[in-house]
Structures are given as structure tokens and as C-alpha cells.
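Engineer:
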Amino acid sequence: MKLPKEVQCVIFDMDGVIIDSEELHKRAYYETFKSIGVEVSDELYKTLTGSSTINAFQKLVAHFNLDHDPEALVLNKRGRYVDFFENDPTLHLVKGVEDIIKYFYNKGITLVLASSSAMVNIDRVFNRFDLNQYFTAKISGADLTASKPHPEIFEKAAVLGNTPKEHCVVIEDSDNGVKAANDAGIFVFGYHNPLAADQTLENADRVIREFSEMKDLL
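Just so you know, my numbering puts 475 at position 36 of the sequence shown, and the rest follows in order with no gaps.
1. Cβ of residue 628 within 9 angstroms of Cβ of residue 598?
2. Can you say whether residue 619 is buried or exposed, counting buried as having 16 or more other CB atoms within 10 angstroms of its CB?
3. Under the DSSP definition of a beta bridge, which residues are partnered with residue 577?
4. Buried or exposed: which applies to residue 476, given that a residue is buried once 16 or more other Cβ atoms fall within 10 Å of its Cβ?
5. Just how far apart, CA to CA, sit residue 575 and residue 630?
6. How close, in whole Å, do the beta carbons of residue 520 and residue 463 come, if the pair is a contact with beta carbons under 8 angstroms?
7. Quick check: the Cα distance between residue 592 and residue 444, rounded to an integer number of angstroms?
8. Quick one: is residue 638 buried, meaning 16 or more other Cβ sit within 10 Å of its Cβ, or exposed?
9. Please decide whether residue 460 counts as near chain B, where near means a Cβ-Cβ distance under 9 angstroms.
10. So what does residue 524 bridge to, in DSSP terms?
Structure below.
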């Protein structure tokens with residue numbers, strides 16, 4: 440897909456794009472897996488990246504034929520993540536993302552957050568790093584019927600941004616997120632996060648390694 444001639448709205452993923460929280464999520468997931476006595480391979484875990492937590496646990500319950508309530512497992516994992524989040528003073532924004540957010544904002548481009556994380560986690564990040572002032576809207580995949588790689592979240596993000604899809608771009612770091620943008624018919628930048636090296640980004644319309652690369656394009 441070609442880059443829109445006039446980009447009016449940028450839709451950001453959060454985990455791995457705005458905040459380097461992938462490792463916190465992974466630790467919280469694996470502690471939860473251990474607590475219920477299942478061993479999740481790296482290959483299986485890779486397929487969960489970018490999905491909402493409820494969809495991830497629904498998949499695992501079915502995969503392992505577990506006698507566990509997925510919603511209870513979500514709360515289990517979320518509690519562990521919050522503990523890590525609140526007690527990790529080193530948690531930081533992804534390098535260069537605050538600068539590019541301000542760059543787009545100052546150009547008058549609409550910014551929308553579209554994350555598979557629960558809204559409580561989105562708000563926790565946005566409040567901690569004072570990001571609410573730049574974004575027109577935030578949407579959580581946990582509040583939708585289907586999660587990434589389903590395109591619903593990006594279709595709704597464009598609506599919330601009051602922008603036709605042909606004037607939107609998405610920034611994603613996961614293959615599930617890239618597929619969701621592809622299927623929504625929105626140009627997608629694949630951000631090569633070193634902490635998400637297991638994601639190929641092979642279906643992204645363009646892969647970037649530094650957010651500053653976007654200044655020459657938008």
C-alpha cells in the first residue's frame with residue numbers, strides 16, 4: 440500500500456511502540472503460566488503478542504484444555520503486571536517516541552491510541568508519562584469483541600480520529616497488529632523494536648528502526 444499523500448491521523452499502538460513494557464508483560468504472563476502449571480513455548484507465546492489479554496488466555500485455555508476461567512487468569516496476570524509497573528523506576532518511553540508525538544501534534548495531525556491493553560493500563564501509562572494532552576482519543580482492544588489481528592480496533596480508531604482511513608497511518612511493532620492494519624486497509628509502519636525481535640514485520644508497508652525516519656515522510 441502506498442503512503443497517503445496527506446496524512447491527517449496517526450494511530451499508535453502502545454506496548455513496544457510508546458512504552459518499553461513488553462518485558463513486563465512477558466514476566467507477568469509467565470508468572471501466571473507457572474501459577475497454573477502450564478509451560479508455554481516461545482513459539483506459542485509469539486502468537487499471543489499484540490492480542491488482548493482475554494483473547495490470549497481464551498486461546499491458552501482451549502489449547503491446553505484447562506479448567507480455568509480466562510477472565511480470572513486475566514485478573515491474575517494484570518495484578519502481576521501492575522506490581523511490576525508500579526515498582527519499576529526504570530520503565531521508560533521508547534526512544535524517540537515522545538519527540539515524534541510532539542512533532543505530529545505540533546503539525547496539527549490527529550493522534551489516536553489503539554492498544555490491546557486494558558484501558559486501566561493505557562491510563563496508567565498515559566498518566567505516568569503525561570501523554571493525554573497530545574491524543575484525541577484512546578481505544579482498548581480489551582473492550583472490543585475481537586482482538587488484533589482482527590481489524591476492528593483500527594477501523595474504530597479512524598472513526599474516533601474523525602479521519603478517512605486513506606488519510607491515516609498506523610505504527611505497530613507486532614505481526615498481529617500489522618495484520619490488523621492490513622485488513623483495515625490502513626498504511627502501516629512496522630517499528631522494529633529490539634525487544635520484540637521475534638516479530639517479523641514482513642507485511643508492514645514500511646519498516647522503521649528510528650521514529651525520526653518518519654519526519655522525512657510525513
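A virtual CB, placed ideally from N, CA and C, is assigned to each residue, including glycine. Values in this document were obtained by computation on a predicted structure and should not be read as measured data.
Structural biologist: Let's see:
1. Residue mapping note: residue 628 aligns to position 189 of the sequence shown, counting from 1. Residue mapping note: residue 598 aligns to position 159 of the sequence shown, counting from 1. No, these two residues do not count as a Cβ contact at 9 angstroms.
2. Here the question's residue 619 lines up with position 180 in the sequence shown. Counting Cβ neighbours within 10 Å, residue 619 comes out buried, since at least 16 surround it.
3. As a first step, residue 577 is located in the sequence shown; it is residue number 138 there, counting from the start. Answer by DSSP bridge pairing, in chain order: 552.
4. In the sequence shown, counting from the first residue as 1, residue 476 sits at position 37. Exposed, since its Cβ has fewer than 16 Cβ neighbours within 10 Å.
5. Taking the first residue of the sequence shown as 1, we reach residue 575 at position 136. Taking the first residue of the sequence shown as 1, we reach residue 630 at position 191. Cα to Cα, residue 575 sits roughly 22 angstroms from residue 630.
6. Translated into the one-based positions of the sequence shown, residue 520 becomes position 81. Translated into the one-based positions of the sequence shown, residue 463 becomes position 24. Their Cβ separation, rounded to whole angstroms, is 6 angstroms, which keeps residue 520 and residue 463 in contact under 8 angstroms.
7. Here residue 592 is taken as the residue at index 153 of the sequence shown, counted from 1. Here residue 444 is taken as the residue at index 5 of the sequence shown, counted from 1. A direct Cα-to-Cα measurement between residue 592 and residue 444 gives close to 23 angstroms.
8. Position 199 of the sequence shown holds residue 638. Flag for residue 638 reads buried.
9. This model lacks chain B altogether; it includes just one protein chain.
10. Here residue 524 refers to the residue found at position 85 of the sequence shown. Residue 524 pairs with nothing; no bridge assigned.
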